[in-house]
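The structure appears right after this line, and notes come after that.
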Amino acid sequence: MSLLETLNPEQLAAVTLPRASALILAGAGSGKTKVLTARIAWLIQTGQVGPSGVLAVTFTNKAAKEMLTRISAMLPINTRSMWVGTFHGLCNRMLRAHWKEAGLPQAFQILDTQDQLSAIKRMYKVLGIDAEKFPPKQLAHFVGAAKEQGLRPKDVDAYDEYHRMMVRLYEAYEMQCQREGVVDFSELLLRSFELLGANPALRAHYQARFKYILVDEFQDTNALQYNWLKRLAGEQGCIFAVGDDDQSIYAFRGARVANMAQFELDFNVQNRIKLEQNYRSVGNVLTAANALISNNKSRLGKELWTQAGEGEPIRVYEATSDQDEAAFVIERIKKLVLEEGFSRSDIAVLYRSNAQSRVIEQGLFNAGIAYRVYGGLRFFERAEIKHALAYLRLLDNADDDNSFSRVVNFPVRGIGSRTIEQLQDTATAQGTSLFRAIVGMQGRSQASLQKFADLIDRMRFETRGMPLPELVDKVIHDSGLIAHFEKDKDGEDRVENLKELVNAAASFSVSEGYYQDTPATMLDEEKLTTPLADFLSHASLEAGDNAAAAGQDAVQLMTVHSAKGLEFHCVFVTGLEEGLFPHENSLSTSVSGSDGGAVDGVEEERRLMYVAITRAREQLYLSHAQQRMLHGQIRYHLRSRFLDELPENVLKWLTPKRAHIASQGWSGLDNQIGWGAQSIHGNRAALSYTSKAPRPYPIGTGVNHARFGDGVVVAYEGEGEEQRIQINFGAQGMKWLMLSLAKLTKS
DNA sequence: GCGTTAGTTATTTTT
DNA sequence: TAACTAACGC
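Under full-length UniProt numbering, the first sequence is numbered contiguously, ending at residue 747.
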C-alpha cells in the first residue's frame, strides 16, 4: 500500500497498531503529523472505521487544519463527518448539538480572554467589589484553575477569607454568564465534560461512535482535557496519543506532562513506540539537543538521531551588549542571504521574551532587511473588529451584556455612564439583561436607549435570511462604525479591517458549515445553527494569525514558545543569559503546579532551550550579551548554564570562550560603557559614581565567592567600612555584600 | 465624554 | 524603557 511505503519501521509500527490504546513518543522532527494522519488514513482505507468514527484533537487551529489537509490529500473522502479540531472547537461542536441538555441557550456566545475580563469588571461594578483587592485577572485565573480541576463553586475548598471571597465571586460570575448566555474557554470544556457525565445515553452514543480517538501534543493536555478524553473514550475506548515529554513547555498554563504516564496506567497501554529518527536537523544540532536535555531528571527517555551528516558546527557568540548582539545577528543574516543563498524566510531569530525583539528589529530595520514579528494583536482581537462582532452578537443574543456595553455608546450616541448605571440598576432589580431593561427606564435616557434597541432590532429584522458576508457588510455600515472611523483621521486602517471582516465572512462561508449538512447520527440532528452563529464561534475560537504583516520574504522573529512546531534552515537563539534564559522567574518555581505535581522551573526552561535548538535544520547560532537594557536599566548577566551544557566538540566559539564569565577581556572601554549608562539612569550605583571609594573589582568584572560561586560585579554603594558591592550570581541571585567582609577573588 | 497625565509594572500563550 | 491603566479635569 503506497500509503505505508514512505514510513520508517517505527512509524509503520505506530500507524498499523491493532485496536488498542498507544502512546507514541514522537521526538522533534520525527514525522509526528505524518504518523497521525497516516494512521487515520490507514484505519479508514482498510475499512476498520468510517470517517465518522474518528475523532482527532489538537491544540491549535493551525494543527487541525494541517491534519485535515493532509488527510484529504491521502484519501478521497468527505472529512465533514470526521471530528478533527481543537479541544475547544470539538467541545463547542458538541455543545451546539446538545445545547438543551447542556443547559445553554441555542445562541450561546463564547467569551475570549478579553471578553472574560470585561465581564468580570462589569460584575464588580454591580456588586461593588474592589478591583484593587481582588484583581480581575486573579479571579479569571482562579475560575480557570477551578474549572480545569473540574470544580464548580460548591466544590472548591476555601481556607481563608480571601479564597472564600474568590469562591463567592466565582459563583456570581457563573450566574452572570448563565444569565447572559455566554461561556468562557474553560467552560466549553467543562460543560462538555459534564454533559457527557450527566447524560448516559449521550455518553454511550459518542463512545460507540468514536471508535478511534487520536491526540496530538499529548504532553500539553491539562487535567480537564485529559478527563474529557477519558470520559469520551470510555472503557472500550482506543486512544492514540502522540507527544513528546521533552517538548513540554506549557506547564505554566496548566499542562501536565504527568498525563502521559497516567495515560499508560489508566488505559493499560501495552504499546509505547518511540520515534527517534529525525528528518529535520543535521547531526551537530541533534548532538547538542540530546546532550542538553540529558540534564533533565524527569524524562521518559529518548534520543534523536539522523542519517544526515554532522553539518556545520554550532556557532556561539559572546556580545558585549544587546546592541552588539543584534549587530552580530544582522551581519550574519546578511552573509547567509548574500553569500550562502538562503532566503530571508529560511532564517529565524528566537528569544525568550518579547521585549527582546526590539533591539533586533531596530537593527534589521536600519539594515533594510525585511522581517516579520510574531506575537502581536490578532485580527479578531482588534478593537474595531470586536465592536463589529459585538453588534453581530447582539443580533443573535440580545442578552449578551458584554457586547451591549461595548457598543451601546460606540459610536457615540449620547448614552453616558450615568444612563448606563441607571440601566444596570434596573436590570439588576429585574434580574434581566441590559437590553431587556430598557423598557423599564424613564425620560430622556429611555429615549436614547430605545433608539439603540430599535437599531439592533431593525438590523436583526432586515438581515434575516441574508447571506453572511452581506449581513456583516450591512451591520458595519448601519451600526455607524464605518462612518465613525471614516471621520477619524487615523481611522483608515480600522475601516480597512472592517472591510476585511466582510472578506473573512465570505471565505468562512465557502469553507465552513461543516456540521450543518451532515448529521452523522440521529442524536446530532437536533442542532440547527445559523451561518452567523457559526461565524461568531469561529471568530472567538480562532483569533487569526498573530504575525505582523511584512514583506513576502522576511526574516522571522518570535519567542521560542511560538517557534514550537516550526523549522528553519538557520536559527539564531539570542539572549542566552542567566536570568533571561533560563528566566529568573523560573528559578524559584522548583515545585508548584496547580495540581500539586512536581514542576521544576529550570527543567521546563531547559526543555524550552531544547525546542529552540531543534528548530534548526542546518545552521544554529547561539548568542549572549554581557550587558543589556532591561526595564530601563542596564543589567549584567552571566552566560546561560545551557551554553555550558552543550558538548564542546559541536561548538565553534566566534568570540573566545572564557573559563568564567566576564573574567577577562573587559577593556577599559567596556567599563566606561557600563559606567556612563549607570550614571544616566540614576540608580543606586550612580549615587556612588562621585564617591572616591576604591573599587577593587570594577563593574562588569567576574568575581568568585566561596558560597555563591561565580558572579559579575554590578554596582557599588557607600564608602569605607560601609561600602557594599552588588554582584549578580546568576542562579544564586543578585546579592549586596559588605565589601570588607565578603571574601572575593577575581575569577 | 474625551484627552491628558501620573503611576505601575515588567516571562512564556492558545483557545 | 515603554506600554498600559486608572483617575482627573475641562
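Glycine residues also receive a C-beta, built at the ideal position from the N, C-alpha and C atoms.
Only a predicted model underlies this, so the values are computations on that prediction, with no experimental measurement involved.
In the same chain as S540, and ignoring 5 residues on each side of it, the C-beta atoms closer than 6 Å to its own belong to I110 and D112, in chain order. With a beta-carbon spacing of about 27 Å, V349 and T58 fall beyond the 8 Å limit used to define contacts. About 20 Å separates the CB atoms of V337 and S357; that is not less than 8 Å, and the two are not in contact.
With distances taken between CA atoms, F581 lies nearest to A625 out of A625, L739, E312 and E618. By the beta-carbon neighbour count (other beta carbons within 10 angstroms, threshold 16), D220 is buried.
Taking all protein chains in view, the Cβ of M67 is crowded by 16 or more other Cβ atoms within 10 Å, so the residue is classified as buried. Apart from the 5 residues on each side of it in sequence, Q323 sits with its Cβ closer than 7 Å to the Cβ of V359 in its chain, given in chain order.
L646 and L292 do touch by the CB rule: their CB atoms are close to 6 Å apart, below 8 Å. Three or more pairs of CB atoms, one per stretch, sit closer than 8 Å, so the stretch 16 to 28 contacts the stretch 272 to 286. Counting only runs of 3+ residues, the beta strand (DSSP E) found wholly inside the stretch 71 to 156 occupies 83 to 86 and 109 to 111, in chain order. The alpha-carbon separation between L532 and L434 amounts to approximately 22 Å. In this structure V475 does not touch L377 by the C-beta definition: roughly 22 Å separates them, more than the 8 Å allowed. Going by beta carbons, R70 and T16 fall outside the 8 Å limit.
For W653, the enclosing beta strand (DSSP E) stretches over residues L651 to W653. Under the 8 Å Cβ criterion, the stretch 221 to 229 counts as touching the stretch 246 to 264, having at least three qualifying pairs. Inclusion of G181 and N402 in the CB contact set at 8 Å is not warranted, their separation being larger than that value. By the Cβ test, the stretch 693 to 707 is in contact with the stretch 738 to 745, since at least three Cβ pairs between them sit closer than 8 Å. Secondary structure remark: continuous beta strand (DSSP E) runs of at least 3 residues inside the stretch 535 to 615, in chain order: 555 to 559 and 568 to 573.
V560 counts as buried, since at least 16 other C-beta atoms from the protein chains shown sit within 10 angstroms of its C-beta.
Counting C-beta pairs with one atom in each stretch, the stretch 467 to 483 and the stretch 432 to 451 have fewer than three that are closer than 8 Å, which means they do not touch. By the 16-neighbour rule on beta-carbons within 10 angstroms, D473 is buried. Under DSSP, H624 shares a beta bridge with E318. Contact between the stretch 636 to 644 and the stretch 327 to 334 is absent: fewer than 3 CB-CB pairs across the two stretches fall below 8 Å. Distance from the CA of H141 to the CA of V84, rounded to the nearest whole angstrom, comes to 28 Å.
Contact between the stretch 81 to 98 and the stretch 161 to 176 is absent: fewer than three C-beta pairs spanning the two stretches fall below 8 Å. For R406, the enclosing alpha helix (DSSP H) covers residues D401 to V407. Between I273 and E10, the beta carbon gap of about 6 Å places them in contact (Cβ cut-off 8 Å). In this structure, the CA atom of D457 is about 25 Å from the CA atom of E486. F210 and K65 have their C-alpha atoms roughly 20 Å apart. Annotation note: the stretch 231 to 280 contains the following uninterrupted alpha helix (DSSP H) runs of length 4 or greater, listed N- to C-terminal: 258 to 266. Cβ-Cβ distances below 7 Å link F410 to H387 in the same chain, with the five nearest sequence neighbours on each side left out; the list follows chain order. Residue environment analysis places Q556 among the buried positions, since at least 16 neighbouring C-beta atoms fall within 10 angstroms of its C-beta. Ranking A554, A319 and F193 by CA distance to the CA of L622 puts A319 first.
Its chain contains A398, D399, A427 and Q430 as the residues whose beta carbon lies nearer than 8 Å to that of R436, once the 5 sequence neighbours on both sides are disregarded; these appear in chain order. Secondary structure within the stretch 691 to 735: the beta strand (DSSP E) runs of 3 or more consecutive residues, fully enclosed, are 702 to 705, 709 to 717 and 724 to 728 (chain order).
For I213, the enclosing beta strand (DSSP E) starts and ends at Y212 to V215.
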